[in-house]
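Novice: My questions will all concern the structure given below.
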Amino acid sequence: MDEIVLQGLDGDHQSQLQVMQYFEQLTSSVDGWKLCAEAFTNTAYQSNDPVRFFCLRVCEHVLKTRYQNADPVEQGNMHAFLLASLHLMSEEPRQDKSYMRNKLAQIISLAFVADYPARWPNFFETFYEALSRGPLAVDMYLRVLKAIDQEVVDREIVHTPEESQRNTAIKDSMRENCVRQLADSWLYILKEYEESQPEIVCLCLEVVGKYVSWIDITLVANERFVPEEEGDFLAKLSKLVCGVGLALITSLQKLSKTGDSAGIEKTQTALEAKIPYLLRFLGDEDDDVSQAASEFAQEYISLLKTRGPLSPAQRKHIEGLLYTTVKKMKYDETYNFEHEGEDEAMFMEYRKQIKVIFNNIAQLDPELVLLTVHNIVTQTLPQWNATNFRDIEMAITLLYSLAEAVPASHGQHFSGNPTKVSVLQDMMRLLVSSRVSCQGHIIIQLQFFETVVRYDKFFMCEPQHIPDVLVAFLDKRGLRHPSVKVRSRCSYLFSRFVKSLKAHLQPYLKDVFAQLQDLLVLNAPSHSTMNGQHLLISDNDQLFLYETASMLVVSSSLSPEKKQELMTSLLAPIATKFEELLSCLSTATDEKQQTAYGNCIYNAMALASRASKGFSGSQTMKQCGCVPAFTNLLQLFGLALDTPVQRSHVQTGVRQFVHRMVVCLDAEILPFIPPLMTRLLKHPDVRELYDFLPLLNQLIMKFKGVIIPFLSEVLMPLVTTIFTVLMAPADERDQVAASERKLLQRGYFLFLSTIVSNECINVFKTLDMQSVDQVFMSVVQGAVELQDPQSQKHCFIILKKLTETWGGGSDGVMGFSNFLYKHIVPACIMAPLSPAFDLKDGQTILVLGESASCLKAILDKRGAELVTYLQTDYLPTLHMSTPLADEFCQALQADEKTFRKYLKPSKQAHQGRIKDKGMRWINKALTKGFLESHEGSRKTRKLSEQLSFPMYKETPEGEQFSDI
């Protein structure tokens with residue numbers, strides 16, 4: 001070696017150039033690399049890493065460029081050098097740097113891909129011998145394997161077709177001749193250095209991870225490598241199997257599109273060979289291991305759905321998957337049913353995934369699933385006394401799951417034809433007759449009730465089993481179970497069971513009603529309940545029981561008198577306690593007691609409301625003779641509106657009950673509304689008024705014109721109260737109060753809109769002119785000034801309806817034509833002129849459309865008279881030019897769609913790119929101070945001072961729209 005030149009390896013630029021020339025000289029020489037090989041192994045250079053690395057680079061260059069065509073002598077020399085170098089770096093106590101060891105490993109891998117298997121068949125045997133030399137030799141062995149993977153397998157490296165063909169041949173030869181020995185060597189390394197050399201263990205695992213993707217996975221995924229106790233590693237292997245399976249499925253799907261039959265067959269064979277490993281990992285006791293393989297299972301089943309009839313092998317695999325999923329759906333022994341925590345929640349989420357696989361198998365082979373579940377159920381339920389509860393629950397759950405897995409089983413399998421008794425019908429009969437509900441465990445009883453309710457059609461076919469289920473619901477297995485969880489769920493399920501089978505429950509009405517009596521007692525506050533002790537049936541659960549009891553009464557074949565008697569008995573716990581509860585609430589001084597009594601009063605009214613749901617369109621409250629039972633409560637509940645304590649909570653209960661009575665009663669309810677309103681309006685606030693308006697809307701929509709006499713009494717007191725509340729001083733910084741005031745304004749206009757849209761418009765004829773003027777002007781002002789598009793929309797709907805009703809004739813009704821021209825026409829034109837009228841907002845565009853409809857309605861009623869008024873009287877006051885006014889009137893006289901389009905700004909105008917032709921009249925009017933000449937402005941401003949709506953405000957520039 002040229003010592004002088006090599007000294008320039010760390011020198012200046014000129015020295016580096018000399019090194020490069022020397023490198024080219026050595027690589028082009030036939031024996032240059034041998035000189036470098038000798039120098040690398042020479043002890044004289046062992047401490048000179050730059051020179052040694054230079055020597056390796058020369059050898060690397062030769063291997064990459066001309067070694068492929070070397071003669072046997074040259075190859076032998078290269079092999080001898082590489083083995084000598086490997087032996088050198090394996091000696092203790094060497095401290096070769098990592099980059100040097102990696103470079104040698106890379107050079108060895110280049111010789112490997114050139115010579116294996118033809119010219120170096122015993123390559124791996126030579127390396128196995130080095131494993132006994134210690135950690136350094138093992139480290140080099142693993143680095144070489146890693147470098148071989150990079151040259152032969154690494155998918156991120158782009159290979160030529162020739163190289164890809166070469167790599168495939170190498171892998172095939174390795175699979176046939178040496179991968180088993182490789183796996184043995186990995187196992188040896190992992191065991192030998194597990195405690196002493198963690199770096200070597202990590203490197204070995206990295207190598208295993210690279211090779212396991214293309215070798216037989218059973219060489220690693222076996223008991224020698226990974227016992228069951230190694231859960232984390234098993235989960236990773238399971239994920240790996242899943243990845244391999246999904247990749248094969250993807251390949252098979254792609255090949256199917258190309259028609260490559262040979263490739264399809266080979267890939268299908270490879271896929272089917274992986275299913276035993278899928279079953280192994282999916283069925284693992286560790287749910288994490290099982291879950292990692294679940295996607296593979298789902299995709300495999302989905303693939304089989306698309307590929308025609310199952311082969312015998314595939315059918316066997318599907319059977320294995322079915323039994324595996326059944327096994328994995330079973331509760332673990334550590335599951336805590338009384339106090340479910342995070343672990344239990346994780347299992348239930350995992351169970352949902354397993355059920356998806358079960359359902360997919362059922363779609364693929366429903367008969368297999370039905371037969372399998374039938375076998376499990378018939379073998380388990382008759383022996384429930386001697387069977388673990390987890391197996392019992394599993395059997396019932398599978399039966400329950402058939403409704404989703406095999407949907408036809410829920411309906412068609414309960415035909416009622418004794419000659420066509422289905423498998424599912426047999427299982428349901430066994431479920432009820434076996435008395436498995438007496439087993440006692442909470443999960444068994446819950447699943448039993450869930451299942452009998454899900455398959456309610458079974459009892460229509462075999463109603464003789466209904467008594468057994470009713471008894472189970474009503475005794476300690478159901479509504480009186482020690483567990484609050486079971487009692488609560490059964491309250492709901494019992495209501496569903498009764499609702500579905502009420503036609504079959506007539507013979508048992510008396511007994512069921514008697515059994516429910518103690519559960520219907522009002523949960524009045526007491527020392528125990530206020531100190532956190534649980535009641536047998538909670539307030540929410542009682543709601544279901546009251547509805548259930550009511551359904552039983554209403555659906556019975558009893559006379560109306562008897563139904564009234566039973567319904568009165570049902571509601572008696574409420575009626576007898578209500579006044580006492582009100583008295584206790586009014587005298588309670590402790591806040592905790594007040595809350596308890598307020599909740600109880602609310603619940604009493606909620607129970608009565610729920611009982612009213614037992615009635616229907618075919619079995620009304622009046623037909624059943626039960627009106628007195630509920631009107632008595634209506635009068636009684638009205639007293640609660642006077643309470644100053646827990647006012648909001650109590651009033652909510654009253655409103656809910658009255659809403660239900662509007663649905664269930666006819667005109668019988670009307671006499672009760674004025675007293676209720678009188679109490680409500682004594683000390684109203686914004687929220688209470690807003691919440692009460694939907695009730696009046698409901699009454700109006702149900703009774704329509706019939707309710708006009710009642711409306712004439714309550715309308716103006718209500719309107720006056722609303723105005724008074726809105727005028728009350730409020731903190732401008734209180735956003736909640738501002739939002740509630742806005743809601744009340746919106747509710748007020750919706751209320752008026754409901755009146756005019758439901759045949760009640762003539763109620764305004766019953767009012768004095770001052771009241772009518774006040775209401776109508778509030779609508780005009782709301783249309784023009786409110787910064788709330790929803791309210792504005794309702795205002796224009798109201799004005800349009802008034803116009804359609806009273807806008808015709810020579811002078812209309814009540815001098816309405818004068819009001820129309822002075823206020824409604826200007827409102828339709830003034831609203832879009834407000835600075836707050838945001839034409840980029842979708843709701844505002846709807847307001848513009850309603851104002852256009854209102855103008856069109858005026859045109860329909862007044863015809864040419866309106867056009868003349870606009871051209872000669874009104875539009876000139878807005879300083880609008882004659883051509884622009886004519887254009888506006890022409891558009892108005894076209895059809896409504898054309899007029900709306902004329903007014904509506906285009907998308908481009910929204911984005912500010914063009915001036916919209918249809919809105920020129922707005923732009924023109926806004927520049928001319930039109931408000932100064934508007935006839936109605938003074939009157940509108942006067943009303944603004946009385947109401948808490950947006951008003952005109954004087955400014956130096958003139959009158960403009962503004963908020964108070």
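When the count follows full-length UniProt numbering, it moves up by one through the sequence shown with no breaks and lands on 964 for the last residue. Built from N, CA and C at the ideal position, the CB exists for glycine as well.
1) Pick out whichever of 392, 848 and 325 has its Cα sitting closest to the Cα of residue 295.
2) Sort 22, 334, 601 and 873 by Cα distance to residue 645 and report the nearest one.
3) Could you tell me whether the Cβ atoms of residue 248 and residue 203 are closer together than 8 Å?
4) Quick one: residues in its chain with C-beta nearer than 8 Å to the C-beta of residue 171, no 5 flanking neighbours on either side, listed in chain order?
5) If you draw a straight line from the C-alpha of residue 670 to the C-alpha of residue 710, how long is it?
6) Suppose you measure from the CA of residue 67 to the CA of residue 188; what does that come to, to the nearest Å?
7) Taking residue 684 as the reference, give the member of 657, 720 and 663 with the closest Cα.
8) Could you tell me the distance, in whole angstroms, from the CA atom of residue 967 to the CA atom of residue 371?
9) Can you give me the C-alpha to C-alpha distance between residue 831 and residue 697, rounded to a whole angstrom?
10) Considering only C-alpha positions, which residue in the set 883, 269, 335 and 789 is nearest to residue 837?
11) What span of residues does the alpha helix (DSSP H) with residue 505 cover, start to end?
12) Less than 6 Å between C-beta atoms, sequence neighbours within five positions excluded: which residues of the same chain meet that for residue 764?
13) Grouping DSSP H, G and I as helix and E and B as strand, with all else coil, what is residue 664?
14) Just checking, does the stretch 571-579 make contact with the stretch 492-510 on the three C-beta pairs under 8 Å criterion?
15) Among the residues of its own chain, which have a CB less than 6 Å from the CB of residue 305, if the five just before and after it don't count?
16) In the DSSP assignment, find the unbroken alpha helix (DSSP H) run with residue 346 in it and report its ends.
17) Tell me the residue span of the alpha helix (DSSP H) that contains residue 182.
18) Just reading off the alpha helix (DSSP H) that residue 877 is part of, what are its end residues?
19) With a 10 Å radius around its C-beta and 16 neighbouring C-beta atoms as the bar for buried, classify residue 913 as buried or exposed.
20) Determine the direct distance from the alpha carbon of residue 327 to that of residue 284, and round the result to whole angstroms.
21) Name the two residues that bound the continuous alpha helix (DSSP H) containing residue 610.
22) Just verifying my parser: in three-state terms, what is the DSSP assignment at residue 709?
23) Would you mind stating whether residue 279 and residue 321 have Cβ atoms separated by less than 8 Å?
24) For residue 121, count neighbouring Cβ atoms within 10 angstroms of its own Cβ and tell me buried if that reaches 16, exposed if not.
25) Please tell me whether residue 803 and residue 829 are closer than 8 Å, where the distance is taken between their beta carbons.
26) Sort 444, 445 and 469 by Cα distance to residue 456 and report the nearest one.
27) Does the pairing of the stretch 711-731 with the stretch 639-658 give three or more beta-carbon distances under 8 Å?
28) DSSP state of residue 368, grouped into three classes?
29) Please go through the same chain and pick out, in chain order, the residues whose beta-carbon is closer than 6 Å to the beta-carbon of residue 137, but skip the five residues on each side of it.
30) Work out the CA separation of residue 353 and residue 61 for me, nearest whole Å.
31) Do you know offhand how far residue 440's Cα is from residue 336's?
32) Between the Cα of residue 871 and those of 861, 858 and 887, spot the shortest distance and give me the residue it belongs to.
33) Could you round the C-beta distance between residue 547 and residue 613 to whole angstroms and report it? I think they count as a contact, below 8 Å.
34) Please tell me whether residue 220 and residue 208 are closer than 8 Å, where the distance is taken between their beta carbons.
35) Write down every uninterrupted run of the alpha helix (DSSP H) in the stretch 32-93 whose length is 4 residues or greater and which is fully enclosed by it, in chain order.
36) Would you mind reading off the limits of the alpha helix (DSSP H) that contains residue 116?
Specialist: Checking against the coordinates, here is how it stands:
1) Numbered from 1 along the sequence shown, position 295 holds the residue referred to as residue 295. The shortest Cα separation from residue 295 among 392, 848 and 325 belongs to 325.
2) The residue labelled residue 645 in the question sits at position 645 within the sequence shown. Of the listed residues, the one whose Cα sits closest to residue 645 is 601.
3) Taking the sequence shown and counting its residues from 1, one reaches residue 248 at position 248. Taking the sequence shown and counting its residues from 1, one reaches residue 203 at position 203. No; because the gap between Cβ atoms is not below 8 Å, this pair is not in contact.
4) Within the sequence shown, residue 171 is the residue found at index 171, counting from 1. Only 152, 153 and 214 meet the Cβ criterion.
5) Residue numbering aside, residue 670 sits at position 670 when the sequence shown is read from its first letter. Residue numbering aside, residue 710 sits at position 710 when the sequence shown is read from its first letter. Each residue's Cα considered, the two are about 8 Å apart.
6) Translated into the one-based positions of the sequence shown, residue 67 becomes position 67. Translated into the one-based positions of the sequence shown, residue 188 becomes position 188. Cα to Cα, residue 67 sits roughly 34 Å from residue 188.
7) Translated into positions along the sequence shown, residue 684 becomes position 684. Looking at the Cα atoms, 720 is the closest of the given residues.
8) No information on residue 967 is available, as it lies outside the stretch 1 to 964 that the chain covers here.
9) Position 831 of the sequence shown, counted from the start, is the residue given in the question as residue 831. Position 697 of the sequence shown, counted from the start, is the residue given in the question as residue 697. Distance between the alpha carbons of residue 831 and residue 697: 27 Å.
10) As a position in the sequence shown, residue 837 is number 837, starting the count at 1. Comparing Cα-Cα distances from residue 837 to each of 883, 269, 335 and 789, the minimum goes to 789.
11) On the sequence shown, position 505 is the one that residue 505 refers to. Segment: none, residue 505 is in no alpha helix (DSSP H) and carries neither H nor E.
12) What you label residue 764 is simply residue 764 of the sequence shown in a count that begins at 1. So the list reads 772, once near-sequence residues are dropped.
13) What you label residue 664 is simply residue 664 of the sequence shown in a count that begins at 1. Helix, per DSSP.
14) no
15) In the sequence shown, counting from the first residue as 1, residue 305 sits at position 305. Here the set comprises 364.
16) Within the sequence shown, residue 346 is the residue found at index 346, counting from 1. Taken as a continuous stretch (DSSP letters only), the alpha helix (DSSP H) holding residue 346 covers 342-364.
17) As a first step, residue 182 must be located in the sequence shown, where it is residue number 182. Residue 182 -> alpha helix (DSSP H) spans 179-192.
18) Here residue 877 corresponds to residue number 877 of the sequence shown, with the count starting at 1. Run containing residue 877: none; DSSP gives neither H nor E here.
19) Taking the sequence shown and counting its residues from 1, one reaches residue 913 at position 913. Low local confidence applies: a pLDDT of 35 at residue 913 is under 50, so the model's placement there is unreliable, and no value is given.
20) Here residue 284 refers to the residue found at position 284 of the sequence shown. Here residue 327 refers to the residue found at position 327 of the sequence shown. Each residue's Cα considered, the two are about 10 Å apart.
21) On the sequence shown, residue 610 is found 610 positions in, with the first residue counted as 1. Residue 610 -> alpha helix (DSSP H) spans 591-611.
22) Locating residue 709 in the sequence shown gives position 709, where the first residue counts as 1. Note: residue 709 maps to helix in three-state DSSP.
23) Here residue 279 refers to the residue found at position 279 of the sequence shown. Here residue 321 refers to the residue found at position 321 of the sequence shown. Cβ distance < 8 Å, so residue 279 and residue 321 count as in contact.
24) The residue given as residue 121 occupies position 121 in the sequence shown. Label assigned to residue 121: exposed.
25) One-based indexing of the sequence shown puts residue 803 at position 803. One-based indexing of the sequence shown puts residue 829 at position 829. The answer is no: Cβ separation not under 8 Å.
26) Sequence index remark: in the sequence shown, residue 456 carries index 456 (1-based). Ranking the options by Cα distance to residue 456, first place goes to 469.
27) no
28) Here residue 368 is taken as the residue at index 368 of the sequence shown, counted from 1. In this structure, residue 368 counts as helix in the three-state DSSP scheme.
29) Position 137 of the sequence shown, counted from the start, is the residue given in the question as residue 137. Same-chain partners within the cutoff: 90 and 130.
30) Within the sequence shown, numbered from 1, the residue matching residue 61 stands at position 61. Within the sequence shown, numbered from 1, the residue matching residue 353 stands at position 353. Rounded to whole angstroms, residue 61 to residue 353 spans 55 Å at the Cα level.
31) Here residue 440 corresponds to residue number 440 of the sequence shown, with the count starting at 1. Here residue 336 corresponds to residue number 336 of the sequence shown, with the count starting at 1. Going from the Cα of residue 440 to the Cα of residue 336 covers about 16 Å.
32) Against the sequence shown, residue 871 aligns to sequence position 871. Per the Cα distances, 887.
33) Against the sequence shown, residue 547 aligns to sequence position 547. Against the sequence shown, residue 613 aligns to sequence position 613. About 5 Å; that satisfies the 8 Å criterion.
34) In the sequence shown, the residue the question calls residue 220 occupies position 220. In the sequence shown, the residue the question calls residue 208 occupies position 208. In this structure, residue 208 lies closer than 8 Å to residue 220 by Cβ.
35) 32-41, 49-65 and 72-89
36) Counting from 1 along the sequence shown, the entry for residue 116 is found at position 116. Taken as a continuous stretch (DSSP letters only), residue 116 belongs to no alpha helix (DSSP H), as it is neither H nor E.
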